Structures are given as structure tokens and as C-alpha cells.
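Be aware that the first sequence starts at 30, since it is given in my numbering, and climbs by one per residue.
Comments concern the structure below.
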Amino acid sequence: MPELPEVETIARGLDPLVRRRTIAKAEILWERTVDARSIPLETLRGDSIESVGRIGKFLAIGLRSGRTLTVHLRMTGRLTVAKKDTHVPYERLALVFEDGDKLSFADARKFGRIRLLDEVSSDVLGVGIDALSQSLDAAAFGSIVRKRTTPVKALLLDQKRIAGVGNIYANEALFRARIRPRRPAGRLSARERSALLAALRRVLLRAIESRGSSVDDYVDAEGLPGDFQKKLNVYGRAGLPCRRCRTPIKRIVLGQRGTFYCPACQR
DNA sequence: ATCAGCACCTGTTGGC
DNA sequence: TGCCAACAGGTGCTGA
């Protein structure tokens with residue numbers, strides 16, 4: 030479910046809600062929610078939250094002890110704050126605070142993972158340069174794309190190279206840059222590369238302004254949906270007329286993911 | 001290096 | 001109405 034704009038929205042919303050709160054205990058309701066490489070969550074007792082940030086699609090909860098708790102929402106994860114005794118549907122893990130509230134992680138499909146680490150970095154998390162990083166410039170983007178035969182859309186989705194882009198925004202950025210998803214990445218012209226990088230930034234930033242896309246069930250830290258789904262040009266619009274040229278939007282499968290594009294606008 | 005296929009899970013939706 | 005297959009904002013592993 031959540032990609033960079035949704036995770037960023039959650040981080041911003043969550044930060045003021047959990048800052049400075051002290052953890053009384055972690056309640057684990059589905060064991061596999063805790064990453065096998067995690068420091069045991071019992072050690073969270075007495076620690077407190079300093080801030081909430083984002084690395085790629087990971088939420089990074091900075092703790093007083095200097096450690097970091099990372100949360101990956103995968104498809105259906107949700108993080109919300111509630112009273113300790115509130116029943117949260119599909120709750121898999123809860124950080125109960127000393128003040129009687131809890132930070133609840135709910136996840137219908139159980140794909141989400143939480144991990145407590147001494148030190149975080151994009152390297153430890155296995156992700157590449159953040160899609161909104163200033164250092165992702167033409168040169169850096171060029172070296173990622175260069176000589177690759179893989180379809181450009183698959184490259185955008187590869188978290189080890191560029192972190193944060195998921196299926197919605199990969200489709201949308203390619204539409205905006207007028208590039209077909211199957212084009213081998215290495216065969217894009219310099220002009221197309223710069224159009225794509227600009228489109229990617231623009232789409233992600235505008236999605237953050239809209240507080241993300243709620244296509245199905247995404248909600249932010251306050252339980253509110255985003256608005257960007259109203260502005261999507263291709264994602265989920267198979268058969269509907271292109272907003273630019275009225276040609277029906279096509280759906281193909283690429284790398285096992287639904288892929289949408291306008292056969293007239295995108296070359 | 002790359003890629004298809006499958007695994008992990010559950011809920012929703014659309015077709016017959 | 002009911003059943004079943006297809007599909008879902010993600011990622012990791014295996015084997016060709």
C-alpha cells in the first residue's frame with residue numbers, strides 16, 4: 030500500500046503524536062511482525078521516542094537510547110495512536126506508553142515488519158538513494174540507468190537502487206515523462222532521463238502535498254485518507270480515456286505488477 | 001545480471 | 001445470491 034508519499038505523510042503526522050512518550054512495553058500479537066534480525070523488543074521498556082522520520086519506504090522511529098525502530102508497512106500496514114484498551118482491527122503489535130496510550134501497528138495481510146536496530150542507515154536497510162534526495166541529480170540518475178537492459182519501470186521499483194518509488198508513482202512518473210514502462214532503461218536519451226527524473230520528483234512532491242493516495246484503504250497516522258488518487262493519470266485507469274488525449278489507458282503485466290500507460294502519449 | 005514464478009497473507013471485487 | 005478466480009500502494013527467495 031504505502032509508497033514514499035504515504036510513508037512521509039505518516040511520519041509527519043505521527044511525529045508530534047508520539048514524541049517524548051515513554052514505552053512501558055511492546056505487545057506482540059503476531060510474532061512474525063518482528064523481523065528475525067531485530068534486537069528483542071523487551072528492551073524497549075523505559076526507552077522513549079525522540080522523533081519519527083523516513084528512509085525510503087521505512088518509517089524510522091528514533092529513540093532516546095540512540096537506537097532506531099524501523100517499520101515497513103508493506104501492503105496493508107497502518108500505524109495509529111489509540112488508547113491502550115482500544116480494540117484495533119488486525120492489530121499485530123503495540124507499543125504501550127506509560128501514559129495509557131499505545132502506538133498500534135495493524136496489518137491485515139501480515140506482510141509488514143518491525144525491527145529494532147542500534148544503528149540505521151540506508152545500507153543496513155538495503156536501500157539505495159532516496160528518490161527525493163538532493164544528491165539524486167542527473168549524474169547519479171544517469172549512472173543508475175546507464176547500460177541497463179531492464180525495463181525502466183522495473184528499475185524505478187528497485188529499492189536497492191532508488192528508494193521510495195512504488196507501483197503507483199512509477200506508473201505516474203512514466204506517464205508524465207511520456208515514456209513507456211517497458212523501455213530498456215539504458216536506451217533512454219539524455220533528454221528522456223532528465224524528463225523522467227523531473228517527473229518523478231514532481232509526482233512524489235505533489236503526492237505528499239495531497240497527503241498520499243488512498244486507492245483502497247491507506248490512511249495516515251490520524252486515520253485520514255489522502256487525496257492524490259483523484260489526480261492519478263494512469264494507475265488503476267485501464268480502459269478509461271487518457272486525460273491528455275482520450276486514448277484508452279492500457280494495462281499490461283510487467284514484473285508481476287499491474288502496469289498502466291497511455292499507448293498514444295507514451296513512447 | 002536478470003527475470004519469471006512463487007511465497008508470504010487476507011480481503012475485496014467482478015464475472016459467470 | 002453464491003462461488004471462485006483474479007487482484008491488491010511490497011519484497012525476498014529460488015532456479016533457469
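Glycine included, each C-beta is placed from N, C-alpha and C at the ideal position.
From a predicted model like this one, the values you see are computed outputs, not experimental measurements.
Cβ-Cβ distance between residue i and residue j below 9 Å
i           : j           : result
residue 64  : residue 142 : yes
residue 124 : residue 73  : yes
residue 249 : residue 38  : yes
residue 79  : residue 41  : no
residue 95  : residue 82  : no
residue 103 : residue 136 : yes
residue 191 : residue 160 : yes
residue 111 : residue 139 : no
residue 262 : residue 280 : no
residue 255 : residue 247 : yes
Selection from the options that minimises the alpha carbon distance to residue i
i           : options            : result
residue 66  : 145, 291, 119      : 145
residue 226 : 185, 213, 241, 266 : 185
residue 239 : 258, 223, 157, 252 : 258
residue 55  : 43, 76, 181        : 76
residue 157 : 180, 194, 167      : 194
Backbone CA spacing between residue i and residue j [nearest angstrom]
i           : j           : result
residue 14  : residue 234 : Only positions 30 to 296 of the chain appear in the structure, and residue 14 is not among them; the question remains open.
residue 177 : residue 52  : 46 Å
residue 169 : residue 127 : 45 Å
residue 36  : residue 86  : 6 Å
residue 284 : residue 129 : 45 Å
residue 152 : residue 201 : 27 Å
residue 155 : residue 189 : 6 Å
residue 266 : residue 58  : 37 Å
residue 62  : residue 134 : 9 Å
One or two residues paired with residue i in a DSSP bridge
i           : result
residue 290 : 279
residue 98  : 90, 145
residue 112 : 130
residue 250 : Answer is none; residue 250 lacks a bridge partner.
residue 124 : 55, 132
residue 77  : 51
residue 118 : Per DSSP, none; premise fails for residue 118.
residue 106 : 136
Nearest-angstrom beta carbon gap, residue j and residue i [assumed within contact, 8 Å]
i           : j           : result
residue 206 : residue 221 : 7 Å
residue 295 : residue 203 : 7 Å
residue 182 : residue 276 : Incorrect: roughly 19 Å between the Cβ atoms, too far for contact.
Heavy atom of the ligand ATP within 8 Å of residue i beta-carbon
i           : result
residue 201 : Ligands displayed in this structure: none; no statement on the ligand ATP is therefore possible.
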